[in-house]
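Peer 1: When we follow the working numbering, the leftmost residue of the sequence shown carries the number 21, and every step to the right adds one. Glycine included, C-beta positions come from ideal geometry on N, C-alpha and C. Below is the structure I would like to discuss, written out as structure tokens.
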Amino acid sequence: MTTQTVTQISAAARGKWPVILQMLRIDVPENGRHGPCPKCGGKDRFRLDDLDGRGTWICSQCGNGDGLDLVKLMTGYGVRKAAQEVAQVLNVPDVQELSVKPARQKAPKRDMSLTVAALMKESHTGESPYLTGKGFAGYPASLTGSVQHISGKDFPAGSLLLPLTTNAGAVTGAQLIAPTGEKSILPGSTMKGAFV
Numbered sequence: 021m022t023t024q025t026v027t028q029i030s031a032a033a034r035g036k037w038p039v040i041l042q043m044l045r046i047d048v049p050e051n052g053r054h055g056p057c058p059k060c061g062g063k064d065r066f067r068l069d070d071l072d073g074r075g076t077w078i079c080s081q082c083g084n085g086d087g088l089d090l091v092k093l094m095t096g097y098g099v100r101k102a103a104q105e106v107a108q109v110l111n112v113p114d115v116q117e118l119s120v121k122p123a124r125q126k127a128p129k130r131d132m133s134l135t136v137a138a139l140m141k142e143s144h145t146g147e148s149p150y151l152t153g154k155g156f157a158g159y160p161a162s163l164t165g166s167v168q169h170i171s172g173k174d175f176p177a178g179s180l181l182l183p184l185t186t187n188a189g190a191v192t193g194a195q196l197i198a199p200t201g202e203k204s205i206l207p208g209s210t211m212k213g214a215f216v
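What follows is the structure, given as structure tokens:
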């Protein structure tokens, strides 16, 4: 016996939802008309619009979905069991559950301390034009020694370099501030739990 996936069952059901729902004793208004919701009632809050033959429906109280969603709503079953019910009506073999893969894996965190250390090594201490413009003249600060290209912006030599540090002293990234006031966090920096 061949087992079918939920997707294959849904494909087999396409264009047959009004009959499938009737066979499952789920009473819906005919011909896309508004009427009572089979789940919550009401007078005219529900409509089976059956777009693309997928059994799509809308209820102003329960929400919306496709034919399989309506079977799940009415039976309280999960997607696999609901698909099995539909498969029985269609006389299709058992449904197999596919393992769901995550959309993407999280990238491993970069050790930003090395990146910031390299920037600090080529930086020098001086007076920041940005801080001077803000009324903080005479305060020594770390300034970049060369042009930095960050997030599509060019930060000229002499831009303010502010390492992001945790309470434990770990460097988690840095912020650059150009003399003109443009700001950017280095890509890969972790802001949570860190301060300048």
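In the stretch 127 to 177, which residue ranges form an unbroken beta strand (DSSP E) of at least 3 residues, counting only runs that do not cross its ends?
Peer 2: 144 to 147, 160 to 163, 168 to 170, 173 to 175
Peer 1: In the DSSP assignment, the alpha helix (DSSP H) including residue 107 goes from what residue to what residue?
Peer 2: For this step, residue 107 is matched to residue 87 along the sequence shown. Where residue 107 is concerned, the enclosing alpha helix (DSSP H) stretches over 99 to 110.
Peer 1: Between the stretch 171 to 179 and the stretch 153 to 161, are three or more C-beta pairs nearer than 8 Å?
Peer 2: no
Peer 1: Kindly confirm or deny that the stretch 137 to 152 and the stretch 186 to 203 touch, where touching means at least three C-beta pairs closer than 8 Å.
Peer 2: yes
Peer 1: So what's residue 31 in DSSP terms, helix, strand or just coil?
Peer 2: Along the sequence shown, one-based indexing puts residue 31 at 11. Looking at residue 31 - three-state DSSP - the assignment turns out to be helix.
Peer 1: Exposed or buried, residue 27, counting other C-beta atoms within 10 Å across all chains shown (16 or more means buried)?
Peer 2: Here the question's residue 27 lines up with position 7 in the sequence shown. Residue 27 should be labelled exposed.
Peer 1: For the stretch 43 to 51 and the stretch 90 to 98, state whether three or more C-beta atom pairs, one from each stretch, are separated by less than 8 Å.
Peer 2: Output reads yes: the stretch 90 to 98 touches the stretch 43 to 51.
Peer 1: DSSP has residue 181 in a bridge; who is on the other side?
Peer 2: Translated into the one-based positions of the sequence shown, residue 181 becomes position 161. Its beta-bridge partners are 196.
Peer 1: If you run the structure through DSSP and keep just helix, strand and coil, what is residue 89?
Peer 2: As a position in the sequence shown, residue 89 is number 69, starting the count at 1. In this structure, residue 89 counts as helix in the three-state DSSP scheme.
Peer 1: Enumerate in chain order the residues of its own chain whose CB-to-CB distance from residue 101 is below 8 Å, with the five nearest sequence positions on each side excluded.
Peer 2: Mapped onto the sequence shown, residue 101 falls at position 81. For residue 101, where only same-chain residues beyond five positions count, the Cβ hits under 8 Å are 95.
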